[in-house]
Every structure is written in structure tokens, then in C-alpha cells.
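Going by the working numbering, the residue at position 24 of the sequence shown is 24; the numbering climbs one at a time, nothing skipped.
Every residue gets a Cβ at the ideal spot worked out from N, C-alpha and C, and that includes glycine.
Here the structure is a predicted model, which is why all the values come from computation and not from measurement.
Only one structure is covered here, and it is reproduced in the block below.
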Amino acid sequence: MPNNDDSTTPTDDDLVNKIKVEVATRYLESDSDPEDDRFVFAYTITILNQGEAPARLLTRHWVITHGNGRTQEVRGEGVVGEQPRIKPGEGYQYTSGTILDTPIGTMGGSYQMVTDDGIEFDASIPEFLLSTPRTLH
1 MPNNDDSTTP
11 TDDDLVNKIK
21 VEVATRYLES
31 DSDPEDDRFV
41 FAYTITILNQ
51 GEAPARLLTR
61 HWVITHGNGR
71 TQEVRGEGVV
81 GEQPRIKPGE
91 GYQYTSGTIL
101 DTPIGTMGGS
111 YQMVTDDGIE
121 FDASIPEFLL
131 STPRTLH
């Protein structure tokens with residue numbers, strides 16, 4: 001018997017491309033101590049759901065690369081103590097921070113998301129630059 005159901009189940013690619021992550025960073029000079037190789041940065045993340053289905057953020061995975069080449073991975077549940085459910089056309093914003101050994105570095109990674117139907121997928125966090133003022137010319 002042919003399947004006359006016109007609905008389709010979204011693929012991982014369909015879902016991944018519908019979650020957009022935007023990042024803004026700032027150097028926290030008052031919390032930093034360059035003489036002790038301590039450079040503190042804040043980053044504000046905006047996660048936009050441009051798809052047609054709600055998605056909940058389950059976990060995060062960060063790869064932090066210091067200017068000296070040292071890398072560290074951070075994995076954990078949710079973000080800032082929450083696992084937000086983001087409806088279509090809506091967004092979620094939070095601010096967090098990291099400490100580098102060097103005045104310049106990068107961060108990037110992914111969020112594991114799940115739809116209300118239980119479909120899990122990874123939303124990419126594009127690599128972004130962390131830099132103290134006057135580090136780059």
C-alpha cells in the first residue's frame with residue numbers, strides 16, 4: 001500500500017541549518033591580570049531557531065584554543081544552568097565567560113539539540129576570536 005502521507009521527517013542537515021548561532025565578545029580588563037597570564041573574556045551568545053519546529057538545547061561542547069596553541073575542551077549540560085526550548089522564529093540569549101593564558105585565542109564548538117519529536121542533532125557554534133584591545137592591527 002503506497003504511503004500517501006505528504007509529511008516528511010526532517011533530516012539532521014535540515015535541522016542543523018535552521019539553528020543560527022551569533023556571538024559578541026568583550027575583554028574584561030578589570031578582571032584580567034596580564035602579568036599573571038590571565039585574560040578574561042565575556043561572550044554573549046544568541047541562538048536563533050529559523051526552523052519550523054521547537055528545539056531544546058541539551059548539552060554544550062566547546063573547544064577553546066589559547067594563543068600559545070594550548071587547547072581545552074569543555075562539555076556540560078545546558079548553558080548557564082538552563083536547557084532552553086527555543087520555538088520557531090524565536091531566540092535565546094545568554095552571557096558567559098572564559099579565561100585565557102594569552103591575550104588572543106579562539107572558541108568554537110556545538111550544542112546538542114533535540115526536537116519535541118526526539119530527533120537529536122548538533123548545532124554548530126562557529127569559531128570566534130577572543131582578543132584584547134590592540135592585539136590585532
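Point to revise | Selected residue, minimal CA-CA separation from T46, among V114, T95, T71 and K87 | key: T95
Practice item. Identify, in the order they occur along the chain, each residue of the same chain with its Cβ nearer than 8 angstroms to the Cβ of T59, setting aside the five sequence neighbours on each side. Key: R75, G76, E77, G78, Y111 and Q112
Point to revise | Sequence ranges, beta strand (DSSP E) only - wholly within the segment 85–112, length at least 3 | key: 91–100
Review point. In three-state terms, what does DSSP make of E52?
Key: coil
Point to revise | Start-to-end residues for the beta strand (DSSP E) that takes in R26 | key: I19 to Y27
**Study point:** Same chain, Cβ closer than 8 angstroms to E120, five either side skipped, listed in chain order
**Key:** L58, Q112, M113 and V114
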